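This report refers to the structure that appears directly beneath it.
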Amino acid sequence: MVDDGVIKFHFSSYIKTGPLDSTEYSVIEKHREKLFELNLIGEYLPEQIGFGNLSLRKNYQELVKTDFPQFLITGTQTGKLKHLNGEHYTKVVDGSLENQSIACHGPLEASSESLTHAGIYQASIEIKAIFHVHHPLLWKKMLEKDYSRTKKETPYGTKEMAEEVKQLIKLSRDGIFVMEGHQDGIVFYGASVEEASKLALDTYHLLVT
Ligand SMILES: [Zn+2]
């Protein structure tokens with residue numbers, strides 16, 4: 063049973079817009095293509111459940127004034143697509159971990175892991191980019207090698223996960239952790255898209271190839 067793709071928070075508001083401009087997302091898209099080639103982003107078959115979501119911290123205060131982290135993120139169920147365009151990225155403009163809610167503006171609803179991304183951004187203002195990928199072998203090796211991890215009983219996409227990652231990152235900011243309770247799930251984060259991407263690729267090549 064693949065535990066992914068289902069949105070476990072609720073949308074406090076969702077405003078559907080036209081496609082986003084490529085200047086918004088091109089920096090992520092360039093790196094996403096490399097991860098897709100390695101099947102760190104993709105789709106579980108035969109279940110047809112997409113996995114892998116990437117985000118970049120942004121300032122959308124002109125849309126909504128809030129202390130909640132604001133970020134651009136890949137839309138829900140885009141994992142199977144090799145190339146994304148302005149129809150597939152969306153803006154998280156507000157939310158609440160306590161209420162397990164996200165407010166979103168864009169052509170598509172935000173990824174089912176948006177709340178987890180929000181928890182990570184809340185852990186440190188220095189974190190600007192987050193890559194959540196899936197890979198069975200990399201996940202297994204990371205667990206064997208004692209990488210930082212979220213607990214087995216913590217399900218993805220919930221406020222419990224968001225709170226746990228916040229605490230985890232406050233203890234150790236190594237830019238990487240594995241989600242023991244979320245089959246194949248791994249998170250990389252950094253001060254830039256380039257940093258998160260490099261860490262993902264270096265770790266992949268270290269442990270898998
Ligand atoms: Zn996942």
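The opening residue of the sequence shown carries number 63 in our numbering; numbering runs sequentially from there. Here a beta-carbon is modelled for each residue, glycine too, at the ideal position from N, C-alpha and C. Remember, it's a predicted structure, so these values are computed and weren't measured experimentally.
For residue i, does the three-state DSSP call read helix, strand or coil?
i, result
"Ser186", "coil"
"Ile90", "helix"
"Tyr266", "helix"
"Thr152", "strand"
"Leu82", "coil"
"His179", "helix"
"Glu215", "coil"
"Ser74", "strand"
"Ala165", "strand"
"Leu107", "coil"
"Phe250", "strand"
"Ile53", "As shown, the chain starts at 63 and ends at 271. That puts residue 53 outside it, with no answer to give."
"Ser126", "It is Val, not Ser, that sits at residue 126 in the sequence shown. In the structure shown, Val126 sits in coil (DSSP, three-state: anything other than H, G, I, E or B)."
How many Å lie between residue i and residue j at the Cα?
i, j, result
"Leu116", "Thr138", "11 Å"
"Pro108", "Pro81", "30 Å"
"Leu97", "Leu263", "8 Å"
"Ser88", "Phe71", "27 Å"
"Gly67", "Thr140", "10 Å"
"Phe250", "Tyr266", "11 Å"
"Ser254", "Lys78", "28 Å"
"Gly148", "Lys260", "24 Å"
"Gln132", "Glu160", "17 Å"
"Ile103", "Phe113", "6 Å"
"Leu205", "His197", "12 Å"
So residue i and residue j are supposed to be a Cβ contact under 8 Å. How far apart are they, rounded?
i, j, result
"Leu269", "Lys203", "4 Å"
"Phe130", "Ser158", "7 Å"
"Ser176", "Ile189", "Contact flag wrong, Cβ pair sits at about 15 Å."
"Tyr151", "Glu86", "6 Å"
"Gly168", "Ile69", "Their Cβ separation, rounded to whole angstroms, is 15 Å, which puts Gly168 and Ile69 out of contact at 8 Å."
Is it the case that the CB of residue i approaches a heavy atom of ligand 3 more closely than 8 Å?
i, result
"Val195", "Of the ligands one can find in the structure shown, namely ligand 1, none is ligand 3."
message: Which residues neighbour ligand 1 when neighbourhood means a C-beta less than 7 Å away from any of its non-hydrogen atoms? List them by chain order.
response: Residues whose Cβ lies closer than 7 Å to any heavy atom of ligand 1, listed in chain order: Asp66, Phe113, Glu175, His194, His196, Tyr218, His244 and Gly247.
task: Inspect the CB distances between the region 144–162 and the region 190–208 and report whether three or more fall short of 8 Å.
output: No, the region 144–162 is not in contact with the region 190–208.
Cβ contact check for the region 207–227 and the region 165–184: 3 or more pairs under 8 Å:
Yes, the region 207–227 is in contact with the region 165–184.
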